[in-house]
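Engineer: Going by the working numbering, the residue at position 44 of the sequence shown is 44; the numbering climbs one at a time, nothing skipped.
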Amino acid sequence: MNAYRAKPLRYPWPPLIYGGAVTLALAAERLVVPLPLSSPSPVLLPIAGFALALLAVSLDIWAVKTLLERQTAVLGTGCARHLVTCGPFRFTRNPIYLGYTLLTLSIGLISASAWFLPAAILAALTAQWAVIRCEEQHLEQRFGFDYECYCKRTRRWI
1 MNAYRAKPLR YPWPPLIYGG AVTLALAAER LVVPLPLSSP SPVLLPIAGF
51 ALALLAVSLD IWAVKTLLER QTAVLGTGCA RHLVTCGPFR FTRNPIYLGY
101 TLLTLSIGLI SASAWFLPAA ILAALTAQWA VIRCEEQHLE QRFGFDYECY
151 CKRTRRWI
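Written out as structure tokens, the structure is:
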């Protein structure tokens, strides 16, 4: 199969990875030992959490909108038709996964649970190993030198 038809992933893993991380953090909070976050004000953590969630969802929406406008695959199960380097992709090569990671952290702030920090880190590392690596290989095969130049000027995360 050539690079123009090859798909980077067989299944849409990222929602499962991040959903699993949230589930693990909730289970750890309830079943292992609670790790409460403290704050000088009882409303500070939820406000910060909702603000971070708003940022995360906005980043995801902006990234999906940019991909749709450029008529390329949104899910990693589709073949990329165009190399997208505008919109949020100017700042990070993975704005959707960054948004998922920030959303996971925001849930931790809203619920005042420190378990979401290691869960977010674990999810990001798993996504990098299981998803991003495959997507990057696909994009490199598909777009070659243009993708290499993009990687040199744009960081993977932030």
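All residues carry an ideal CB built from backbone N, CA and C; glycine is no exception.
(1) Return helix, strand or coil for P36, following the three-state DSSP convention.
(2) Find the nearest neighbour of S39 within the set S111, R142, Q141, judged by alpha-carbon distance.
(3) Using DSSP's beta-bridge definition, name the partner residues of S41.
(4) Beta-carbon separation of A127 and Y97 under 8 Å?
(5) If I follow the unbroken alpha helix (DSSP H) through G19, where does it start and stop?
(6) Tell me which same chain residues have a C-beta within less than 6 Å of the C-beta of I17, skipping the five on either side of it?
(7) With a threshold of 8 Å on Cβ separation, who are the neighbours of T92 within its own chain once the five nearest residues in sequence on each side are excluded?
(8) Measuring straight from C-alpha to C-alpha, what distance separates F145 and K152?
(9) Could you name the residues of the same chain whose beta carbon sits closer than 7 Å to that of L24, not counting the 5 residues immediately before and after it, in chain order?
Structural biologist: According to the structure data:
(1) The residue given as residue 36 occupies position 36 in the sequence shown. Strand.
(2) The sequence position of residue 39 within the sequence shown is 39, counting from 1. Nearest C-alpha to S39: S111.
(3) As a first step, residue 41 must be located in the sequence shown, where it is residue number 41. Paired residues: none, contrary to the question.
(4) In the sequence shown, the residue the question calls residue 127 occupies position 127. In the sequence shown, the residue the question calls residue 97 occupies position 97. Yes, Cβ-Cβ distance for A127 and Y97 is below 8 Å.
(5) As a position in the sequence shown, residue 19 is number 19, starting the count at 1. That run of the alpha helix (DSSP H) goes 13-27.
(6) As a working note, residue 17 is residue 17 in the sequence shown. Excluding sequence neighbours, I17 sits near A123, T126, A127.
(7) Taking the first residue of the sequence shown as position 1, residue 92 is located at position 92. Counting only Cβ-Cβ distances below 8 Å, and skipping sequence neighbours, we find L98, T154, R155, R156, W157, I158.
(8) The residue you call residue 145 lines up with position 145 of the sequence shown. The residue you call residue 152 lines up with position 152 of the sequence shown. If you take the alpha carbons of F145 and K152, they lie about 11 Å apart.
(9) Looking up residue 24 in the sequence shown gives position 24. Cβ neighbours of L24 beyond the five flanking positions: A119.
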